[in-house]
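A.B. asks: Okay, here's the structure, questions in a sec.
In the numbering used here, the protein residues as written are 25 to 231.
Listed below in structure tokens is the structure:
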């Protein structure tokens, strides 16, 4: 399996196997060397990439891109936003759109991790893009799953000859923060990264 599958896939299978066997034989001893985890560096979009995406995107997708690039939001967090979550220029991130146990997309009142509960200050231009609406209405209308954001973003980036993913917009946010000299602890807090975690530094920020 290691020769054909990714380290993450092998580790997930191993975890499932060991937890299942442990139900029947808690005393069993495992002597397994798992493949090393892959450290994948995300590709940081350039300023020109962001500008091209914003120029070509329809209004709703432009708002999604701005929230990713200038607010460090994940696609599920973007899809879950309601107008009540925006107070002035502060966006309260507390919900996520995820797959439920039956495979259907559901709105979950907790984000990906506990560190993902956060207040994100947005630039005035992004606040203007969001606009106003019924407090209970979604900020991004007609988006019932994160996949719609991904699908339309992928079509747009392909038209522009780009290879970045929507998630790479978070890399852009972290890289710009580093370039501006913003303290890492602040970027971690606003971006929803665990304090002191190497993930933001190793994966999201350019060396």
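Virtual Cβ for every residue (Gly too), placed ideally from N, Cα, C. Remember, it's a predicted structure, so these values are computed and weren't measured experimentally.
With distances taken from CA atoms, which of 156, 193, 161, 129 is nearest residue 77?
C.D. replies: Ranking 156, 193, 161, 129 by Cα distance to residue 77 puts 193 first.
A.B. asks: Report the rounded CA-to-CA distance for residue 96 versus residue 188, giving the unit in angstroms.
C.D. replies: In a straight line, the C-alpha of residue 96 is about 15 Å away from that of residue 188.
A.B. asks: Is the beta carbon of residue 211 less than 9 Å from the beta carbon of residue 202?
C.D. replies: Yes, they are a contact pair.
A.B. asks: Tell me which residue opens and which closes the beta strand (DSSP E) that residue 122 is part of.
C.D. replies: Start and end: 120-123.
A.B. asks: Do three or more CB pairs link the region 106-113 to the region 165-181 at distances below 8 Å?
C.D. replies: Verdict: no, contact absent.
A.B. asks: Just to check my reading of the structure: residue 92 and residue 120 have Cβ atoms closer than 8 Å, yes? What is that Cβ distance to the nearest angstrom?
C.D. replies: Not really, about 14 Å apart at Cβ, beyond 8 Å.
A.B. asks: Would residue 164 pass as a contact of residue 117 if the rule is Cβ separation under 9 Å?
C.D. replies: Cβ distance not < 9 Å, so residue 164 and residue 117 don't count as in contact.
A.B. asks: Using a 10 Å radius around the Cβ and a threshold of 16 neighbouring Cβ atoms, would you call residue 170 buried or exposed?
C.D. replies: The residue is buried, with at least 16 neighbouring Cβ atoms inside 10 Å.
A.B. asks: Pull up the distance between the alpha-carbon of residue 72 and that of residue 150, whole angstroms please.
C.D. replies: Distance between the alpha carbons of residue 72 and residue 150 is about 18 Å.
A.B. asks: Rounded to whole angstroms, what's the CA-CA distance from residue 216 to residue 144? Just pull it up for me.
C.D. replies: In a straight line, the C-alpha of residue 216 is about 9 Å away from that of residue 144.
A.B. asks: Helix, strand or coil, according to DSSP, for residue 179 in the structure here?
C.D. replies: Residue state, collapsed to three classes: helix.
A.B. asks: Per DSSP, residue 162 is paired with what?
C.D. replies: BP columns for residue 162 point to 106.
A.B. asks: Excluding the 5 residues flanking residue 59 on each side, which residues of the same chain have their C-beta closer than 6 Å to its C-beta?
C.D. replies: Excluding positions up to five away in sequence, the list reads 26, 31, 34.
A.B. asks: Let me know the secondary structure DSSP gives residue 117 once reduced to three states.
C.D. replies: Looking at residue 117 - three-state DSSP - the assignment turns out to be strand.
A.B. asks: Note down the Cα distance separating residue 69 from residue 196, rounded to an integer number of angstroms.
C.D. replies: If I take the Cα positions, the gap works out to 6 Å.
A.B. asks: Going by the DSSP bridge assignment, what does residue 167 pair with across the sheet?
C.D. replies: Bridge partners of residue 167: none, in fact.
A.B. asks: If residue 129 sits next to residue 168, beta carbons under 8 Å apart, how far is it from one beta carbon to the other, in whole angstroms?
C.D. replies: Confirmed, about 6 Å.
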